[in-house]
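Just so you know, the sequence shown maps onto residues 137 to 374 in my numbering.
Working notes, beginning with the structure itself.
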Amino acid sequence: MKLIFIRHGDPDYVKDSLTEKGFREAELLKKRVTEWNVKQFYCSPLGRAKATAEPFLREMGREAIICDWLAEFFVPIKDPYTGQDRIAWDFMPSYWTNEPLLYSKDQWTEAPVMRGSRIAEAYREVCEGIDGVLAHHGYIRKDGYYITEQGNEDTLVFVCHLGVTFTILSHLLGLAPSVLWQGFFIAPTSVTILCTEERIKGEAYFRCKSMGDTLHLTQGGEPISDSGFFCEVYDGKL
Numbered sequence: 137m138k139l140i141f142i143r144h145g146d147p148d149y150v151k152d153s154l155t156e157k158g159f160r161e162a163e164l165l166k167k168r169v170t171e172w173n174v175k176q177f178y179c180s181p182l183g184r185a186k187a188t189a190e191p192f193l194r195e196m197g198r199e200a201i202i203c204d205w206l207a208e209f210f211v212p213i214k215d216p217y218t219g220q221d222r223i224a225w226d227f228m229p230s231y232w233t234n235e236p237l238l239y240s241k242d243q244w245t246e247a248p249v250m251r252g253s254r255i256a257e258a259y260r261e262v263c264e265g266i267d268g269v270l271a272h273h274g275y276i277r278k279d280g281y282y283i284t285e286q287g288n289e290d291t292l293v294f295v296c297h298l299g300v301t302f303t304i305l306s307h308l309l310g311l312a313p314s315v316l317w318q319g320f321f322i323a324p325t326s327v328t329i330l331c332t333e334e335r336i337k338g339e340a341y342f343r344c345k346s347m348g349d350t351l352h353l354t355q356g357g358e359p360i361s362d363s364g365f366f367c368e369v370y371d372g373k374l
């Protein structure tokens, strides 16, 4: 089985849609996706994800299943410095690298900054969401891998967001999501691919074959957006 995660195009967060650049990106993405043999499409309920999926769904005469758990992983926690509500990533390196629990795949929700929030519950909802989809397609979660009576080569496409993509990958790959949130970046309309390896019949594990691929943008002459990425060299701006 192949899972393809597509991040939405360059976002207009105020309108929950795409910028003009984002719509150009979505058109270039369309040319790529329409060449795939896709068993089922799944999409976030948010406008920027739907706007990204609309061109290729229309071209292919397909519809996506809308899943609430594919919405961005905006679960408020208390900022360790300000005490204000914020999302659960983009911590300063001096903070998160000195919190060992944030590196633990089993204990990251027990880190002081995560306590008192509903993040463990929200994480469980996302994990149950992806496992429900996989079960529907014949792969049942067992411990950290999946069992299947009959493996398949189906391709499932998920159009969603940076944060929730890394949340799902943490579950499938057995990693702390905080490490992925802090240490990895996927650009708008980028493509991330996971495939099963079934080395023993009936036992499957997902392996990442590519992350954040933007070949369709490069080939189309469209610059790659850094939306969601902080500046490479300090410039005093936030």
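Ideal Cβ placement from N, Cα and C applies to all residues, glycine included.
Just so we're clear, the structure is a prediction, and the values are computed from it rather than from any experiment.
Sort the options by Cα distance to residue i and report the nearest one.
i: Tyr149; options: Arg277, Gly364, Val369; result: Gly364
i: Lys175; options: His272, His307, Glu358, Pro181; result: His272
i: Val324; options: Glu235, Ser361, Gly372; result: The question names Val, but residue 324 is Pro in the sequence shown. Minimum Cα distance to Pro324 is reached at Ser361.
I need the boundaries of the beta strand (DSSP E) containing residue i, first residue and last residue.
i: Asp349; result: 339-349
i: Tyr281; result: 281-283
i: Phe294; result: 291-296
i: Gln176; result: 176-179
i: Val327; result: 327-336
i: Leu139; result: 138-143
According to DSSP, is residue i helix, strand or coil?
i: Asp148; result: strand
i: Ser253; result: coil
i: His370; result: Sequence check: residue 370 is Tyr here, not His. Coil.
i: Cys263; result: helix
i: Ala258; result: helix
i: Ser314; result: helix
i: Lys167; result: helix
At the level of alpha carbons, what is the spacing between residue i and residue j?
i: Thr284; j: Glu333; result: 12 Å
i: Leu270; j: Leu311; result: 19 Å
i: Ser180; j: Glu368; result: 30 Å
i: Met137; j: Gly219; result: 43 Å
For residue i versus residue j, is the C-beta distance shorter than 8 Å?
i: Arg198; j: Pro212; result: no
i: Trp205; j: Glu261; result: yes
i: Lys166; j: Phe192; result: yes
i: Phe210; j: Gln318; result: no
i: Arg160; j: Glu358; result: yes
i: Cys296; j: Phe141; result: yes
i: Leu377; j: Phe320; result: The first residue shown for the chain is 137 and the last is 374, placing residue 377 beyond what the model contains.
i: Ile322; j: Gly348; result: yes
i: Leu81; j: Ser326; result: Here the chain comprises residues numbered 137 to 374, so residue 81 is not present and cannot be evaluated.
i: Glu339; j: Tyr281; result: yes
Heavy atom of the ligand COA less than 7 Å from the Cβ of residue i, yes or no?
i: Glu163; result: The ligand COA is absent from the structure shown, which contains no ligand whatsoever.
Which residues mark the beginning and the end of the alpha helix (DSSP H) in which residue i is found?
i: Arg184; result: 183-196
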